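Residue numbers (the numbering used here), protein chains in the order written: chain A, 293 to 1048; chain B, 293 to 1048.
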């Protein structure tokens, strides 16, 4: 492997000190002269007609500057997925879930704004509601939207000959798995600050993952030309796919600012985030798998029914991925998928880190254990025999150019001495294995690109301009490292300006584990061009050919002549003084294609793989499943920053453990009964098991320095690994989540057979 | 001339509505959490040793967070001209003028900061001081700096054979002219907001003309690496060369922010601006001119003695230009110049709009009238016979590629029916003519460049990124027009981000009338490249060759086939979807050379010319010289925005009228006696005469669309035009400025001969 100076190093976050000392400015830290504070009034009904809406008392409250309702919004619908615009920014005529935004106010302070909400009177006529997607699919069910059918969208995929595959299989089985609804638990709730300018333009500072996407959605919802809207992303406290679109605070702060001519700041409460911003969609997965006698997969078929809730929060993505990712991480010639996305009067569900993959993978990896058990095979061997390898092309035409799944399985299992210890631990203790995968980005439109600039200054400093959004995952650091490596300078000499739709070039946003590869390749190309510009200017005075120059450690050298060099800053000054533009431009659009439900397509430049082994200790009396050890072995391509990569994997595991053990949005008649971190249990640092993270390099040919994406793949195997460990410990098969004490205890009391 | 859609049009300022409604954010409008307020303590002595400096009482005052003195500054000197770093940011050991910054405080509010200043006790030992530059040049004069000679710098230029020229001349004369010190009267006093980040970097929002220069100076004075400093220019209320460097508020707010870890805002008072920030340098000009019998110039020699005050405020520029601009706007084969820049204990003078040109031109244009009178020639004819023409090369090698001076003279004189009316007005009324010139930019270092970016978004909007600073002159509008014209879109579809050392590319700053040409050409090139990128992507689908496409009025057309077109926004979307980078880059470094005092050199890409006729009415009893009419005919190359160009000319004339009639920094023993707008009279709108502005196009081959610079040339002829009109009205020759009532009255009472 090449010797690198900056990439591949465990370097602290570039914005770390500012974050640690509180100097970082999040949206809520921004203040502007004359600013107002906004609040949203949510529906108290799951399904109702709005008969009357009286805002007059609120408007008269001292300090209140504006009140808006659905009638003020211009009647333009929006949605988080293309072609699925199903919601008015503020309810018009009907509400379809509890918490749906009905009105909003802007006032001189938050107390006045809150008080004004209480003075708005809404007269509702309750309508019949439906909360179970299977009920909602039945004829005669209450209609959530004013169309006959509550099925928002159906999905069909079919590769190979599935029926023939099943016919030719040695063993096949069908099981039903159910996943629970999750909330997106980003530390920072959604917030925005809108400032409408006199010249008709709007600036929105927002806690968002994708400023360019938010700009598009917001301009559309407001009926403004997109060019008049500027979205700036300050520091952001997490996204996890929950901030990948337009939310009521964005729209309402913007409209209230246009109404008042004053800046309006608006943050959602935790309860509002839980009830209006989506989260990991609950799915019922009917899964049928056929294998050869040695465990080799022959055919797989899934039928997924998912509760969309009342409105679209990007729910097409998990529905698509749940199907297409059946093709990973194993060789599988025949695949069929049917997905049904169903409207109910529940609060919107949607997309969350992993986007459908955690749900489908839970089902597949648990069922694979059932199959292994039936066939008397070691689950590790079953996975090894099926694992994809570089050069493979899947049934749906994913091109696997790098894959270290086999090594991940061996290293995860090796860490726990799987072959010696598995099945031999004492009663109540067990270990489980699961594999996972995730694509890096995914072409869903005409392009999947990122454009970056790298600007050099006379002092030898580089400024990276990128539209990519660091939402806490560390991309500002990763991209700065890439620029520094390519320029041969130190990380401290790189500044980064990111995610401002006016100041920085186009990037689609932070989602799909795409930033390191997509924006990273763009930044690398931009830095390389800037370096070439410097080399061109220096070749004469160093008496060398351009191709014989190299930059490292802040100097430009003539290769093979270490004595002949000049400092990078002097070289840049020289280039500038010779009238060179030392500003590099890099565009990266991956060599991928849009998927076609019939023929498939290689939608991603690379695919990530991983294997995890969990060890659990189960309390027979309480049903508590304690995870006492977890090894995450992940094929990362190449870790630009191993410390950051480990952080991503630890964070992923934390999310997986949350879904496995605790997290569950408890919904009754459309109301969320636990809309706070007091009642909705997310794991904290204290809840984490002893963890080992193993970074496996596969040197992807398309990624920058061989890197792949890191954001999501690591959470996919965690839930089934814990479920499989629970079975190893107690002989209890779990097909519903979470593995909460009451469910485990119930299961143990009713299990068909004790642990072997 | 080509048909343009956006350039050449009278379009309102892009930031006009924000300025008019108060929405524009100037530095003083910026507030940051935890910010402090800074104030500077100025010296009460013109020349003194600091024996003791006690800040303890100030430090104990509640609300005071930090006090700094010269001992805290690291002992790095700075200066506003290269090679002339002569000042510590805060006085060390000695003070050299009244008002010199001695200490600074940061406190929770401005009152506490002000009170703290009163609690700082400074013990001075007064030293002998010198206030007259001619006295200061004598041996034995008090030494302002700790070197033997008070002459800061001497300047020598010599082109042609001056002695032989004088020998061959028909008539020659020598006169002495004296100009007064002026204050820079930008509406917004100098202000800055400094925020020192935890990662060791410093952000400074500053009211500055040249963010990149300020960054360099500030980093140097603080001993920081330049790459760690970011300078951002908010809205700025005027500069006039007075904000082209580092000022005590910049340095002190930055150092106080590093000391306190809190943001520090600091604005100078009007008195502090007058006493510390420089202004138009007073000069004593001994001028000798020789002519042929028909008035043709043969030789000219000037000896200039200038009062620098105690420290450098960019004073090298007026000293250099006073010499080199003797070569303009007339044909003149033999030129000699000697300049003496002299330190005194006056507050620093320095550079102001026009930079030496108003001073030397006053002398030349008044003396030319004396010569014309002696030879019995019409001053208009003398100017016409001497005027430069396109294709001329001056003695110092300025290359005149465009010049409409002759037309300017004819149109200015024509407006006033010069040939009929001049010399025939009734007693007390008169008209005067003067010509002027100014270079556009000027190469003083290895490069004189600007780099710009033009970024296109899917909605067809363009964002211009430029380091050029709009300080009120309208460059954001001009540059936006240039981008819009080149892209074939409407001005409303162009956004501009300017003057942020991190976010925008390198530009040397706003000075020397350079922005329209230097940054304008860069923006034009960037826009042209972006347009080409769009054309490349569209050629196929429009079934045309790239060179057959054109963009106008928001559409891309196939030339000659009006039916075949696509909207610009669709074309950009198409280009992006095809993975094209629609981001153009433009660099402009003019084809000029650095001047050499012996051989000269073509330092500027173009030169501007103009002629003005003033009409005055003089009150014999009071000495009041009322300017009742003024015509400004200016060769602007091509007016990108005629309304903006007229505004520049009207503003220039206002400055010229101020110098002619009222403005004068009254200094006694180093103290400024009139340091406020109450006592220092600047003209307001009510003081302006009836004005005509005539924009003359000369279509400069190097300028964007033929444009030249507009910022300074227009003020140069105003003072001598008024002086010459006064002679026409009253027979009174004025060789000292201003033409204040007491001086005029005195002159009238002592004049050698009455008006003919």
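The beta carbon of each residue, even a glycine, is placed where N, CA and C say it ideally should be.
As the structure is a computational prediction, the values presented were derived from the model and not from experiment.
Please report the straight-line C-alpha distance between residue 815 of chain B and residue 354 of chain A, rounded to a whole angstrom.
Between residue 815 of chain B and residue 354 of chain A, the C-alpha separation is close to 50 Å.
Do you know whose CA, among B:408, B:363, B:500 and B:451, lies nearest residue 790 of chain B's CA?
Checked all of B:408, B:363, B:500 and B:451; the closest Cα to residue 790 of chain B is B:500.
Should the stretch 975-984 of chain A be regarded as contacting the stretch 920-939 of chain A, the criterion being three or more beta carbon pairs within less than 8 Å?
yes
DSSP on residue 973 of chain A, reduced to helix/strand/coil?
coil
Same chain, Cβ closer than 6 Å to residue 511 of chain B, neighbours up to 5 away in sequence not counted
518 and 521
Taking C-beta pairs closer than 9 Å, name the residues in chain B that residue 738 of chain A reaches, listed in chain order.
865, 866, 868, 869, 870 and 871
Are the C-beta atoms of residue 877 of chain B and some chain A residue less than 8 Å apart?
Closer than 8 Å to some Cβ of chain A, the Cβ of residue 877 of chain B qualifies, so yes.
Is the shortest distance between the beta-carbon of residue 302 of chain A and the beta-carbons of chain B less than 8 Å?
Chain B, which has no Cβ nearer than 8 Å to the Cβ of residue 302 of chain A, makes this no.
Considering only the alpha carbon of each residue, which of B:441, B:437 and B:531 lies closest to residue 430 of chain B?
B:441
For a contact defined as C-beta to C-beta under 8 Å, what are the partners of residue 759 of chain A on chain B?
Near residue 759 of chain A there are no residues of chain B at all, since even the closest Cβ is about 10 Å away, more than 8 Å.
Please classify residue 438 of chain B as buried or exposed, where buried requires at least 16 other C-beta atoms within 10 Å of its C-beta.
Exposed is the call here.
Do residue 900 of chain A and residue 1011 of chain A come within 8 Å of each other at the CB atom, strictly closer than that value?
no
Would you say residue 315 of chain B reaches chain D, if we count a Cβ-Cβ gap shorter than 8 Å as a contact?
The question asks about chain D, but that chain is absent: this structure's protein chains are A and B.
Could you check the C-alpha separation between residue 476 of chain A and residue 938 of chain B for me, to the nearest Å?
Just so you know, the alpha carbons of residue 476 of chain A and residue 938 of chain B end up roughly 58 Å apart.
Using a cut-off of 9 Å between C-beta atoms, extract the partners of residue 323 of chain B located in chain A.
323, 324 and 325
For the 8 Å Cβ check, are there 3 or more pairs between the stretch 689-697 of chain B and the stretch 974-981 of chain B?
In short, these stretches do not touch, since the Cβ pair count stays below three.
Between A:710, A:529 and A:560, which has its C-alpha nearest residue 480 of chain A's C-alpha?
For the residues A:710, A:529 and A:560, the minimum Cα distance to residue 480 of chain A belongs to A:529.
Does residue 904 of chain A come out as helix, strand or coil in the three-state DSSP assignment?
strand
Report the option in A:952, A:820 and A:929 whose CA atom is closest to the CA atom of residue 778 of chain A.
When each option's Cα is compared against that of residue 778 of chain A, the closest is A:820.
State buried or exposed for residue 603 of chain A, treating a residue as buried only when at least 16 other CB atoms are found within 10 Å of its CB.
buried
Where the stretch 794-816 of chain A meets chain B: residues whose CB sits under 8 Å from a CB there
794, 795, 797 and 798
Do residue 1026 of chain B and residue 897 of chain B have their C-beta atoms within less than 8 Å of each other?
no
Beta carbon of residue 630 of chain B, beta carbon of residue 447 of chain B: below 8 Å?
yes
Does residue 490 of chain A get closer than 8 Å to chain B when you measure Cβ to Cβ?
yes
Strictly below 7 Å CB to CB, what residues from chain B border residue 743 of chain A?
873 and 875
From the DSSP output, which residues share a beta bridge with residue 878 of chain B?
B:744
Cut-off 8 Å between Cβ atoms - residues of its own chain near residue 991 of chain B, not counting five sequence neighbours on either side:
Listed in chain order, the non-local C-beta contacts of residue 991 of chain B below 8 Å within the same chain comprise 293, 694, 929, 930 and 998, local neighbours out to five positions each way being set aside.
Of all the CB atoms in chain A, is at least one closer than 8 Å to the CB of residue 515 of chain B?
no
For a contact meaning CB atoms closer than 9 Å, what does residue 310 of chain A contact in chain B?
489, 490 and 491
Between which two residues does the alpha helix (DSSP H) holding residue 1010 of chain A run?
1010-1022
Can you find a C-beta in chain B that's less than 8 Å from the C-beta of residue 881 of chain A?
yes
Can you confirm whether residue 357 of chain B, when its beta carbon is compared against all beta carbons of chain A, has any partner nearer than 8 Å?
no
Would a check of beta-carbon distances place residue 1050 of chain A closer than 8 Å to chain B?
Examination of residue 1050 of chain A is not possible in this model, given that chain A is present from 293 through 1048 alone.
Between which two residues does the beta strand (DSSP E) containing residue 787 of chain A stretch?
For residue 787 of chain A, the uninterrupted beta strand (DSSP E) segment begins and ends at 786-790.
In or out: residue 947 of chain B buried (at least 16 other Cβ within 10 Å) or exposed?
buried
Compare the Cα-Cα distances from residue 652 of chain B to each of B:902, B:352, B:595 and B:831 and report the closest residue.
B:595
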